[in-house]
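In order, the protein sequences belong to chains A and B. Its first residue numbered 1, the first sequence is counted upward by one per residue in the numbering used here. Its first residue numbered 1, the second sequence is counted upward by one per residue in the numbering used here. Glycine residues also receive a C-beta, built at the ideal position from the N, C-alpha and C atoms.
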Amino acid sequence: MSTSDIASIKTEVAQAISAATGKDELEALRIKYLGRKGLLAEMTQSFATLPAEEKPQFGRAINELKAYLVGLFAEKQKSLESSGKEEKNAFVDIGMPGIAQEIGRMHPLTQVIREICEIFSRLGFLVVEGPEIETEENNFTGLNIPLEHPSRDAFDTFYLKNQKLLLRSHTSPVQIRAMKSRKPPLAIVVPGRVYRPDALDASHSFMFHQIEGFMVDKNIKFSDLKGVLEAFAKSVFGDQIKMRLRPHFFPFTEPSAEVDISCIICKGKGCSVCGRKGWLEVLGSGMIHPNVFKHVGYDPEKYTGFAFGMGVERIAMLKYGINDIRLFYENDLRFLKQF
Amino acid sequence: MKVTYNWLKDFVQIKLAPQALAEKLTMAGLEVVSLEEKDGDWVLEIEITSNRPDWLSVAGIAREVAALTNVKCEIRNTKSETNHKSKIPKTKLEIKIEDKKDCPLYTARVIQNVKVAQSPGWMRKRLELVGIRPVNNIVDITNYVLLETGEPLHAFDLDKLAHQDGFEIAVRRARNGEKIMAIDGKERTLDKDILVIADSFRPVAVAGVIGGKDTEVGPGTKNILLEAAKFSPVLIRRGRQKLGISTESSYRFERDVDMESVNFASLRAGQMIQKEAGGGTVLFLSQSKAVPKCRPKPIKLDVQKVKNVLGVEIPVPKIKNILGHLGLKVKTARGSLEVSVPSFRRDLLRDVDLIEEVCRIHGYGLIPVTTPCITPQVFSNGEFDLNFIIRNILIAEGLNEVITHSLINEDLLERCAIGTKGVFLDNPLSKELEMLRPTLIPSFLNVTAHNLNRKLKPVRIFEIAKRFLSPEKEEYVLTISLCAEASWCGINGKQEEKMSLLHLKGVIENLLERLGVGGCDFSPAAHNAFYANAAFALKIGNSQAGIMGQVRQEILNAFDIKNQALFLAEINLGDLYKVINLNRRFMPLPAYPAVTRDISILVGADIGVQELSDCIEQEGQPFIKEVKVADFYAGEHIPKGSRGLTFSCLYQSAERTLQDDEVNGAHQKILENLKNKFGAKLR
């Protein structure tokens, strides 16, 4: 037995393995060469008869051959298995429904609140909440809304029995609370429920949600309000949205502006959603009125600030194309599962 | 407020087409909500904000158009009146104003020998275009002048005013219980909060709101008394709210009328009546006890502040030009402007008001877009963020979030057998919405019923909302309820799982586990809405944080939930927030293998699983690491009053691989104790 014999064995076995077509055939070959009484075992036995000087070289050659053959068998074994000719798997009808744990949804209004608050959080705003039962001072007079004045008509209000307390008609009272308990600089958003005595119909509800935001510091300008609101509108409604500010009146801001975005349905051409105007009113805003600053003890000559407020239902209805506000409070599972 | 294009042209030259004019007005704060071509004219309907009573007139809007289009406009083109007093003998007419605060100015113009007839076609047409029904020439003229000037007028039939020796017009508070038949044909009862115009005997008009039927100008009227006045806005507002009416007059008076337009409007109407109805003014009396002769101080406007507030520099000549066109007088005084405000702009009180005017006419669209220099808020959002963590856990449990109304009917609480605590409204919209709910339970039963009625199952819902226990106490609660069965097609065909109290317990346990809350005790408690043997108090941390239970069937029936069991928990989040711990510490994984042994026993059905597993855990020390209920059975092969239970016990040591005899020893000790303490039999 010499090293050249080993080389020819190598070629012979390689050919036999490659020609094998089944697992059984392969196993027979494995036994023939690598089995306990196989060719390699035989060769190893002959090792003892070799002259001492040949032993090391021959030993190395045998080991090398063995490793080579083991590799070849493993490779062939794998290729025979993966050819799938041998074993059959159970049939799976992939048209059957998938099996999974059902996942619930957050209410669409909560999702919109979260999205909006996250946008403002990225801009550096802090989320603050406040009570739903409020005082006249926080809801009206502190915000420069005299109690007996037509400017209050926009804020019809539920009062509590035998109390001077009321259900907040907007989230703005939290402005008063937050400004009284903190010092500028301030950048705050306030989500929450508000209440107005409006009969329930497709577009009105006696309870709805608002998000209020305000920023107070030295050198806050009307143009900053525009910048922040534009960033907001584009984040919610997309980059192509156009925004415009229109003069308006709110007792707690001066100058005041109503904010329109180009209609997301007709892209500004005019449709039934925007009343053929091409614009959708989405929020009210303005520079915080000096009287509000005076009320909370800030110096209006030193600080300026802006504030804005929006109806969450309105945003959600526009965003999702919902046409009836009552759907939000009916909680039909077929509705909830769409978001 | 409706105006017509041609009517505006009486005062100002307009070169813009109606559409372009409407757009310009909208962008200046006079939102044109509709524009309609009618009878050869265009009608603009404009929404007027409550701070601008001067815009409640054609003249006021014309002034705005002039400012916006940079042209002049002539508002008061009627020649001022020659003094009638000189012509007239001391007539027996006296105006008595009870309180000058209620009525700072009252004028009465007596016009004799009018011919009441239809007013001319052009006037009727204009009135109709803006939505006013023509009546007769006298009434139409008062309405026409009201629309033109913004000053409401009222004409009385002079001969119907009752008097003794000489006419007396009193402006006074009504006496409690006094009545008036108004021109709308309805009798109204008055009280001392309502201001009236009275003759010698009785009220003849609710001041500033509505006239009286008795003294109305009709076809037979010959002589009239024309009223133009200024009343206290708050008083008019209260009065019309009490009477439940709003008129063109009250709408303007409660927004306050321009002191200086009172006389003018009276004169204008007088001249028109003379022309159209042939009458002649014989007397004009103006009674005023509080004409503010001194004008308000000019407002100082620092030009630099305009830039600071708006973020854009507007050249001084432009500022002066804008303010001038709006009817303000501007003087330059050392770096700042001194601006005098006319009587019709009493809404302008301080510099920012002027800055808004400048910006409004300049155009909001020309304000640049800048990013504010912000001081980042590094705090967490606190409870707002925690509520979202809670929501995320619960939706992963398969629950859907609902949002229900905070306002309910007390009757709903009674139906839930819950004693009425809660906060009632003084002015509810309806009985259905009379109070703030002290619990979310009724709302949840309603939502569940709604969905079951539509065959939507299972109903697994939660809400985070306030409950109101008293006016001073509103708190966030988390309410969860499970009802009906979940069914799906599994690997072996149809699978169905009915919701149970243990499903609810599982949700709560998972929630608390994820929130890092040590655990929760469920101890039997009493609650009217729940079955006595299925009501539990939840102790979280050291607080009784909530309740959990199965709602009694008769309550479910009252909410139209039939043949279904409903499980509900309500947790006070204030208590939960205190113990939430979102920090995590890594525990090294066990280095040595664990051994699992099961224990199958038969015990009395009255012995609780908790007691048994507590015993196992105690006796299995120090090697027992976990005890789980692996199975339970009752029925066949099990004696009555007993049940079979299998516990799976996991033994493990942190120091070494446990030997069989160590585990066997511990296991044996457990079995002995279960036998001795609970009479358990090994199966």
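DSSP three-state call for residue i: helix, strand or coil?
i	result
B/Ile169	strand
B/Glu241	Here residue 241 of chain B is Gln; the residue named in the question, Glu, does not match the sequence. Correct three-state label for B/Gln241: helix.
A/Thr44	helix
B/Asn451	helix
A/Glu230	helix
B/Asn533	strand
B/Val43	strand
A/Asp378	This structure cannot speak to residue 378 of chain A, because chain A is shown only from 1 to 339.
B/Phe424	strand
B/Thr107	strand
B/Glu81	Note on B/Glu81: pLDDT 49, under 50, position unreliable in the model; no value is reported.
A/Lys287	In the sequence on display, residue 287 of chain A carries Met and not Lys. If DSSP states are grouped into helix, strand and coil, A/Met287 belongs with the strands.
B/Met27	coil
A/Ser172	coil
A/Ser191	Ser is not the amino acid found at residue 191 of chain A; the sequence shown has Pro there. In the structure shown, A/Pro191 sits in a strand (DSSP, three-state: E or B).
A/Gly309	strand
B/Arg360	helix
B/Lys297	coil
Would you report the Cα separation of residue i and residue j, rounded to the nearest angstrom?
i	j	result
A/Phe359	A/Ser205	One cannot answer for residue 359 of chain A here, as it falls past the ends of chain A, which runs 1 to 339.
B/Gly327	B/Val339	10 Å
B/Leu452	B/Met499	14 Å
B/His667	B/Arg597	8 Å
B/Ala67	B/Val358	11 Å
A/Phe140	A/Pro290	15 Å
B/Leu93	B/Asp199	11 Å
B/Pro622	B/Met548	35 Å
B/Leu687	B/Ala534	This structure cannot settle anything about residue 687 of chain B, because the visible part of chain B is limited to 1 through 683.
B/Lys87	B/Val282	Residue placement at B/Lys87 cannot be trusted, given a pLDDT of 46 that sits under 50; the coordinates are not used to answer.
A/Leu225	A/Asn144	20 Å
A/Thr171	A/Pro97	46 Å
B/Ala529	B/Leu645	32 Å
A/Asp198	A/Leu147	19 Å
B/Glu684	B/Glu463	Any answer about residue 684 of chain B is impossible in this case: the structure gives chain B only from 1 up to 683.
A/Leu109	A/Gly192	11 Å
A/Ser203	B/Val330	46 Å
B/His325	B/Phe388	54 Å
A/Leu245	B/Ile441	44 Å
B/Val459	A/Ser79	52 Å
B/Ile48	B/Lys2	10 Å
A/Asn305	A/Ile288	It is Gly, not Asn, that sits at residue 305 of chain A in the sequence shown. Rounded to the nearest angstrom, the two C-alpha atoms are 5 Å apart.
B/Ala207	B/Lys115	26 Å
Query raised in the report: Should the segment 176-194 of chain A be regarded as contacting the segment 213-222 of chain A, the criterion being three or more beta carbon pairs within less than 8 Å?
Result: Judged by Cβ distances under 8 Å, the segment 176-194 of chain A makes contact with the segment 213-222 of chain A, as three or more pairs qualify.
Query raised in the report: So, do the segment 576-590 of chain B and the segment 502-519 of chain B have three or more beta carbon pairs nearer to each other than 8 Å?
Result: Short answer: they touch.
Query raised in the report: Using 8 Å as the Cβ pair cut-off and three pairs as the minimum, do the segment 415-428 of chain B and the segment 155-171 of chain A touch?
Result: Cβ pair count under 8 Å is three or more, so yes.
Query - Interface residues of the segment 88-113 of chain A facing chain B [CB-CB below 8 Å] - result: Listed by position along the chain: Met96, Pro97, Ile99, Gln101, Glu102, Ile103, Gly104, Arg105, Met106, His107, Leu109, Thr110.
Query raised in the report: Listed from N- to C-terminal order along the chain, which residues in the segment 298-327 of chain A have their beta-carbon within a distance smaller than 8 Å of any beta-carbon of chain B?
Result: Residues of the segment 298-327 of chain A with a C-beta less than 8 Å from any C-beta of chain B: Thr304, listed in chain order.
Requested in this report: Give a yes or no on contact between the segment 560-576 of chain B and the segment 617-631 of chain B, applying the rule of three or more CB pairs nearer than 8 Å.
Outcome: By the Cβ criterion, the segment 560-576 of chain B is not in contact with the segment 617-631 of chain B, since fewer than three pairs of Cβ atoms, one from each stretch, lie closer than 8 Å.
Report task. Give, in chain order, every unbroken run of the beta strand (DSSP E) that is at least 3 residues long and sits entirely within the segment 14-85 of chain A. Result -> List check, beta strand (DSSP E) in window: nothing returned.
Query raised in the report: In chain order, which beta strand (DSSP E) runs of at least 3 residues are fully inside the segment 541-626 of chain B?
Result: With a minimum length of 3 residues, the unbroken runs of beta strand (DSSP E) contained wholly in the segment 541-626 of chain B fall at 543-551, 566-572, 595-604.
Query - Against chain A: residues of the segment 321-349 of chain B by CB proximity under 8 Å - result: Hits within the stretch: zero.
Report task. Please determine if the segment 398-416 of chain B and the segment 430-443 of chain B are in contact, where contact requires at least 3 C-beta pairs separated by less than 8 Å. Result -> Flag = yes, the segment 398-416 of chain B and the segment 430-443 of chain B touch.
Query raised in the report: Any chance the segment 248-262 of chain B sits against the segment 137-156 of chain B, with 3 or more Cβ pairs inside 8 Å?
Result: Because the criterion of three Cβ pairs below 8 Å is met, the segment 248-262 of chain B and the segment 137-156 of chain B touch.
Query - 4-residue-minimum alpha helix (DSSP H) runs that sit fully inside the segment 195-257 of chain A, ordered along the chain - result: Taking only runs of at least 4 residues, the alpha helix (DSSP H) segments lying wholly in the segment 195-257 of chain A are 222-237.
Query - Entirely enclosed alpha helix (DSSP H) segments - the segment 362-432 of chain B, minimum 4 residues - result: DSSP runs (the alpha helix (DSSP H)) wholly in the segment 362-432 of chain B: 383-396, 410-415.
Requested in this report: With a floor of 3 residues, list each beta strand (DSSP E) that falls wholly inside the segment 123-204 of chain B, ordered by position along the chain.
Outcome: Every beta strand (DSSP E) of 3 residues or more that sits fully in the segment 123-204 of chain B is shown, in chain order, as 153-157, 167-173, 179-181, 187-189, 195-198.
Report task. Count the CB pairs spanning the segment 299-319 of chain B and the segment 347-362 of chain B that are closer than 8 Å, and state whether there are at least three. Result -> With the cut-off at 8 Å, the segment 299-319 of chain B and the segment 347-362 of chain B touch.
Report task. Say whether the segment 178-185 of chain B touches the segment 213-220 of chain B, bearing in mind that this needs 3 or more beta-carbon pairs closer than 8 Å, one atom from each stretch. Result -> Segments in contact, yes.
Report task. Name, going along the chain, the residues of the segment 134-147 of chain A whose beta-carbon falls closer than 7 Å to a beta-carbon of chain B. Result -> For the segment 134-147 of chain A, the beta-carbon criterion of a distance under 7 Å to any beta-carbon of chain B is satisfied by none of its residues.
Query raised in the report: Looking at C-beta atoms only, is the number of pairs between the segment 45-55 of chain B and the segment 108-125 of chain B that lie closer than 8 Å three or more?
Result: Taking 8 Å as the limit for Cβ pairs, the verdict is that the segment 108-125 of chain B does not touch the segment 45-55 of chain B.
Query raised in the report: Quick one: any contact between the segment 635-652 of chain B and the segment 590-608 of chain B, if contact means 3 or more CB pairs under 8 Å?
Result: Touching, yes, given that three or more Cβ pairs across the two stretches are closer than 8 Å.
Query raised in the report: How do the segment 240-259 of chain A and the segment 273-284 of chain A stand: do at least 3 beta-carbon pairs fall below 8 Å, yes or no?
Result: The segment 240-259 of chain A makes contact with the segment 273-284 of chain A; the number of CB pairs closer than 8 Å reaches 3 or more.
Query raised in the report: Do three or more CB pairs link the segment 318-337 of chain A to the segment 100-109 of chain A at distances below 8 Å?
Result: Taking 8 Å as the limit for Cβ pairs, the verdict is that the segment 100-109 of chain A does touch the segment 318-337 of chain A.
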